[in-house]
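**Student:** In the numbering used here, the protein residues as written are 513 to 1511.
Have a look at the structure that comes next, please.
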């Protein structure tokens, strides 16, 4: 890990070389105006330089410029989104230039790892998205913006709670035990999203979506290998907006929204439930006597119509030739589940000055957020679908603080009863306050001593601090039926977390063109530290503390942990004749999460591309505007193993509660050793990719087609080991293999292009399949696999399996037998091994929650000042375990012998199961869907003329989540939780009124 120090010497050496002075030839003064060739509007901020140098200027607000140049010089005019022009001065004193808008996409500069490149020169599978061109609903997180927009990128919301996070997968998952989340890089700072931020559902919500300029998704190993050990699951690079030179511009975006629930679980109402119980048990039965006299719709009691608002205002321009952008945002989001809400205040600052005749570029980015959350306990959702609808919300019992709860014959609470859903929300508080800031300063210096050589230094940080409290009221229903003690006092928790992540990157980049050869060489060094400390306290309420004479009801816990990643990396891009491209990348990563023998990993990649459209035999083609064939290979790693920062070391954990030893009257908690493998190493993923980029009719139709194959080796899995060889009979070690293969296709078209009417249409589809190849050191035909996935109902029931020969995360069930009418036969399953009896050996891996196909369709139609947009998304071939049904259909669990009833679904009348059949394949249901994410109509007011020119405003109305087409029996076919549908916060339907100003 000592390799880092020599780079500081190199840094100062090369920065020192930058102060050479060059001489110039006899000069003339040239002035002119640069305009848009299509509209004639002046273009501010156009770069005007002497060809082959960095000497020059930029145009002013009115598009004018003035520059002194050698009389035989060639001036180069360039601006993002426009085709560059080169014009010989030839003694002229005035040169006016009209820049043509660039052919769509090809001249676009794409941000990649440690640099940028023109889209037409990419050799890997990379997708760049301009955030300003995305259809958006109530986007409170960056992940909301890209949902359904990029082929091969799946974004699944964890639910409809305010500020809820999303599960992002790029080309499926590459691990079973470690994380499958992609690496997120924000303005050059890789953030730690593996451990999360306490008290904050979605760590990405630290950034207001209006502050984002672009997303770049790196998918194949050629593109991701530059990030080495953290890139097995792909990389998402988020670049925020910058200021531009010119007069100050103010932009405001705001909206007001109303959220409603789309429906509720189809449970019996009070009248039907009374009839059901009476028919089942008889009117004189103890079960019928347990019925109440009320009629309560418990789901209606816990859900509400929610009101939310979001505002963002930004100021951009330049101050004494220093471009800046400052923004402030405020979000207040109320959830449809009562007591859930989020308040967020964001701030962003970008300053990008240039010094030393523009040879030194400085970028300063600082982003901050204050997030105040009130989390509603989602257990109320599950409880509302089971709680007896014949019972009232409130009662005058001395137990429950006025909320109804089930009582024994002696009048005391039933400690295994259900918690009153309304009390769960009203009598439990879960609040947090989170401060987070992400920032960096980046210095980019161009050397005079060697044309084309640059040095780049990036220093960044990601710091967060969280405080939270979970308070359960004494004497509430939960204090009797939840937790460990069930003694009528609240089991409270206070928590605190501090995270400090620091980054230092330095690299040199040499860019040189020699005749038909273009070289772009980069080499650098990276150092990153991750530090985290947490502590938890378990206090009594004030009243209980006085009564017990103690502040806490159990000992607290606290710890701190840290990890380091040190890396050396390099990349070579070679371009011959703008036809043949080659990229080679190499990264050497060192991680403190592994032992010294396994600490370093080498991750190479290579890619070739052939720009067929630039071949002479296609010269003059009026149809084909772009055609490029890509081939790539590479290896990436995984060092976020999900086992903490010291998985290879011998460690001790506190023993379970009650496992203590007494020295006299002093009680000492015992420590127990944890099994460990000091030879743990990286999970490694090898990826092969072949792709085709295409464009027709001057790129009015363009897109990509990719096929990939990914193989992950040294997968972590817990395997059995001989007793006495470690501190357990099971050990987490590198033994597994997993493959992913699939294709991706995307197309973007502009069917209509006109002054008054235009239409952009984008479609993408992706297919992915995975298979587990190996899970044990030696092939063992008797090894079932890794069974996991706890469900609601019973004790120790798991419904998922990782099994060799099947997709990761398959459901593990008995195959249901049906009668001639297609109705499930209770308790009848297929005898898979033909031994005449149904045993655990007859369970099979049956379907999986990951979709086979994902699709997205986006449309943007503009007519004069009107715009109409929508975004559709589909998942096909995905299944879900309907745990709501499996736990609420049997009639022998309707009544608990302790004295209370549980509501049933109306579908219980159809299945007519006597006993619960948790592990029947009947409850594995197809959850394919077509969902309209959002649909909007807007009108833009041009040149308001309030106090100056070029003032614009837009009013819009948007409906988010207006409809879903699906055959799934549950409330919503889209959720995370590994495909297990229980206690899921439903995604609401949202009506949004938006207003934007630009002046």
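Quick reminder that beta carbons are idealized off the backbone N, C-alpha and C, glycines included.
Keep in mind that this is a model prediction, so the values were computed, not measured.
On the DSSP bridge list, what partners appear for residue 1043?
**Tutor:** Within the chain shown, residue 1043 is the residue found at index 531, counting from 1. Residue 1043 is bridged to 1012 and 1074.
**Student:** Assuming residue 851 and residue 888 form a contact by the criterion Cβ under 8 Å, report the distance between their Cβ atoms to the nearest whole angstrom.
**Tutor:** Here residue 851 is taken as the residue at index 339 of the chain shown, counted from 1. Here residue 888 is taken as the residue at index 376 of the chain shown, counted from 1. Residue 851 to residue 888, Cβ: 5 Å. Contact.
**Student:** Would you identify the three-state DSSP class for residue 1032, choosing helix, strand or coil?
**Tutor:** Here the question's residue 1032 lines up with position 520 in the chain shown. In this structure, residue 1032 counts as strand in the three-state DSSP scheme.
**Student:** Does the separation of the CB atoms of residue 949 and residue 881 fall below 9 Å?
**Tutor:** Position 437 of the chain shown, counted from the start, is the residue given in the question as residue 949. Position 369 of the chain shown, counted from the start, is the residue given in the question as residue 881. Cβ atoms of residue 949 and residue 881: closer than 9 Å.
**Student:** When the Cα of residue 1131 is compared with those of 1056, 1091 and 729, which residue comes out closest?
**Tutor:** Numbered from its first residue, the chain shown carries residue 1131 at position 619. Of 1056, 1091 and 729, the residue nearest in Cα terms is 1091.
**Student:** Could you tell me the alpha carbon to alpha carbon distance between residue 1497 and residue 1382, rounded to whole angstroms?
**Tutor:** Taking the chain shown and counting its residues from 1, the one referred to as residue 1497 is at position 985. Taking the chain shown and counting its residues from 1, the one referred to as residue 1382 is at position 870. C-alpha separation (whole angstroms): 25 Å.
**Student:** Tell me, please, whether the region 821 to 834 touches the region 784 to 800 by the rule of three or more beta-carbon pairs shorter than 8 Å.
**Tutor:** These segments do not touch.
**Student:** When you compare each of 637, 621, 694 and 572 to residue 594 by their alpha carbons, which one comes out closest?
**Tutor:** As a position in the chain shown, residue 594 is number 82, starting the count at 1. From the listed residues 637, 621, 694 and 572, the smallest Cα separation to residue 594 is found for 621.
**Student:** Taking the Cβ atom as the reference point for each residue, do residue 1474 and residue 1446 lie within a distance shorter than 9 Å?
**Tutor:** Position 962 of the chain shown, counting from 1, holds the residue named residue 1474. Position 934 of the chain shown, counting from 1, holds the residue named residue 1446. Taking 9 Å as the Cβ cut-off, residue 1474 and residue 1446 qualify as a contacting pair.
**Student:** Would you list the residues sitting across from residue 853 in a DSSP beta bridge?
**Tutor:** Stepping through the chain shown from its first residue, residue 853 is reached at position 341. Bridge partners of residue 853: 846 and 886.
**Student:** For the beta strand (DSSP E) that residue 1137 lies in, which residues bound it at each end?
**Tutor:** Locating residue 1137 in the chain shown gives position 625, where the first residue counts as 1. It spans 1136 to 1150 - the beta strand (DSSP E) in which residue 1137 sits, taken as one unbroken run.
**Student:** When the Cα atoms are used, what is the spatial distance from residue 470 to residue 658?
**Tutor:** Since the first and last residues shown for the chain are 513 and 1511, residue 470 lies out of range.
**Student:** Give the DSSP bridge partners of residue 1387, in chain order.
**Tutor:** Residue numbering aside, residue 1387 sits at position 875 when the chain shown is read from its first letter. DSSP lists 1366 and 1441 as partners of residue 1387.
**Student:** Cα separation between residue 1019 and residue 1322?
**Tutor:** Here residue 1019 refers to the residue found at position 507 of the chain shown. Here residue 1322 refers to the residue found at position 810 of the chain shown. Their backbone Cα atoms lie some 44 Å apart in a straight line.
**Student:** At least one CB of chain B closer than 9 Å to the CB of residue 944: is that the case?
**Tutor:** Going by chain labels, chain B is absent from the structure shown, which holds only one protein chain.
**Student:** Buried or exposed: which applies to residue 1298, given that a residue is buried once 16 or more other Cβ atoms fall within 10 Å of its Cβ?
**Tutor:** The residue given as residue 1298 occupies position 786 in the chain shown. By the 10 Å Cβ count, residue 1298 comes out buried.
**Student:** Taking the Cβ atom as the reference point for each residue, do residue 1428 and residue 1308 lie within a distance shorter than 9 Å?
**Tutor:** Here the question's residue 1428 lines up with position 916 in the chain shown. Here the question's residue 1308 lines up with position 796 in the chain shown. No, the Cβ-Cβ distance between residue 1428 and residue 1308 is not below 9 Å.
**Student:** Do residue 626 and residue 1036 come within 9 Å of each other at the CB atom, strictly closer than that value?
**Tutor:** Working through the chain shown from its first residue, we reach residue 1036 at position 524. Working through the chain shown from its first residue, we reach residue 626 at position 114. It is a contact, given that the beta carbons lie within the stated cut-off.
**Student:** Here's the rule: buried if 16 or more other CB atoms are within 10 angstroms of the residue's CB, otherwise exposed. What is residue 961?
**Tutor:** One-based indexing of the chain shown puts residue 961 at position 449. Exposed, by the Cβ-count rule.
**Student:** Could you tell me which residues DSSP puts in a beta bridge with residue 1464?
**Tutor:** For the purposes of this step, residue 1464 is identified with residue 952 of the chain shown, where counting begins at 1. DSSP lists 1510 as partners of residue 1464.
**Student:** Tell me, to the nearest whole angstrom, how far the beta carbon of residue 1245 is from that of residue 744; I am working on the premise that it is less than 8 Å.
**Tutor:** Walking along the chain shown from the start, residue 1245 turns up at place 733. Walking along the chain shown from the start, residue 744 turns up at place 232. Under the criterion of beta carbons closer than 8 Å, residue 1245 and residue 744 do not qualify as touching, at roughly 18 Å.
**Student:** So residue 1221 is in the beta strand (DSSP E); what residue range does that whole segment cover?
**Tutor:** For the purposes of this step, residue 1221 is identified with residue 709 of the chain shown, where counting begins at 1. Unbroken beta strand (DSSP E) run through residue 1221: 1213 to 1232.
**Student:** For residue 1353, does the count of other Cβ atoms within 10 angstroms reach 16, so buried, or fall short, so exposed?
**Tutor:** As a working note, residue 1353 is residue 841 in the chain shown. It counts as exposed.
**Student:** Please look up how many angstroms separate the CB atoms of residue 1436 and residue 1472, rounded, as I've assumed it's under 8 Å.
**Tutor:** Counting from 1 along the chain shown, the entry for residue 1436 is found at position 924. Counting from 1 along the chain shown, the entry for residue 1472 is found at position 960. So it is not a contact: roughly 29 Å between Cβ atoms.
**Student:** With 16 as the cutoff for other CB atoms within 10 Å, does residue 591 come out buried or exposed?
**Tutor:** Stepping through the chain shown from its first residue, residue 591 is reached at position 79. With 16 or more Cβ atoms within 10 Å of its Cβ, residue 591 is classed as buried.
**Student:** When the distance is taken between beta carbons, is residue 545 closer than 9 Å to residue 569?
**Tutor:** In the chain shown, counting from the first residue as 1, residue 569 sits at position 57. In the chain shown, counting from the first residue as 1, residue 545 sits at position 33. Contact: no.
**Student:** So, is residue 1359 buried or exposed, given that buried needs 16 or more other C-beta atoms within 10 angstroms?
**Tutor:** Locating residue 1359 in the chain shown gives position 847, counting from the first residue. So residue 1359 counts as buried.
**Student:** Could you tell me the alpha carbon to alpha carbon distance between residue 1231 and residue 884, rounded to whole angstroms?
**Tutor:** To locate residue 1231, count along the chain shown from 1; it is residue 719. To locate residue 884, count along the chain shown from 1; it is residue 372. Their backbone Cα atoms lie some 42 Å apart in a straight line.
**Student:** For residue 1153, name the three-state secondary structure that DSSP assigns.
**Tutor:** By 1-based counting over the chain shown, the position of residue 1153 is 641. Three-state DSSP puts residue 1153 in coil, outside helix and strand.
**Student:** Which partner residues of residue 1106 appear in the DSSP bridge assignment?
**Tutor:** In the chain shown, residue 1106 corresponds to position 594, counting from 1. Looking at the DSSP output, residue 1106 shares a beta bridge with no other residue.
**Student:** Alpha carbon to alpha carbon, how far is residue 573 from residue 557? Give it in angstroms, no decimals.
**Tutor:** Mapped onto the chain shown, residue 557 falls at position 45. Mapped onto the chain shown, residue 573 falls at position 61. Looking at the two C-alpha atoms, the distance is approximately 7 Å.
**Student:** Return the residue from the list 1229, 993, 1252 and 996 that minimises the CA-CA distance to residue 1295.
**Tutor:** The residue you call residue 1295 lines up with position 783 of the chain shown. Taking only the C-alpha atoms, the option nearest residue 1295 is 1229.
**Student:** Measure the alpha-carbon distance for residue 1025 versus residue 1031 and round it to whole angstroms.
**Tutor:** Within the chain shown, residue 1025 is the residue found at index 513, counting from 1. Within the chain shown, residue 1031 is the residue found at index 519, counting from 1. So the two alpha carbons sit approximately 6 Å from each other.
**Student:** Spell out the partners DSSP gives residue 798 in its beta bridges.
**Tutor:** By 1-based counting over the chain shown, the position of residue 798 is 286. In the DSSP output, where bridge partners are listed per residue, residue 798 has none listed.
**Student:** Count the other CB atoms within 10 Å of the CB of residue 928; is the residue buried (16 or more) or exposed (fewer)?
**Tutor:** Here residue 928 corresponds to residue number 416 of the chain shown, with the count starting at 1. By the neighbour-count definition (other C-beta atoms within 10 Å, threshold 16), residue 928 is an exposed residue.
**Student:** State the beta-bridge partners of residue 1491 as determined by DSSP.
**Tutor:** Counting from one through the chain shown, the residue named residue 1491 turns up at place 979. In the DSSP assignment, residue 1491 is bridged to no other residue.
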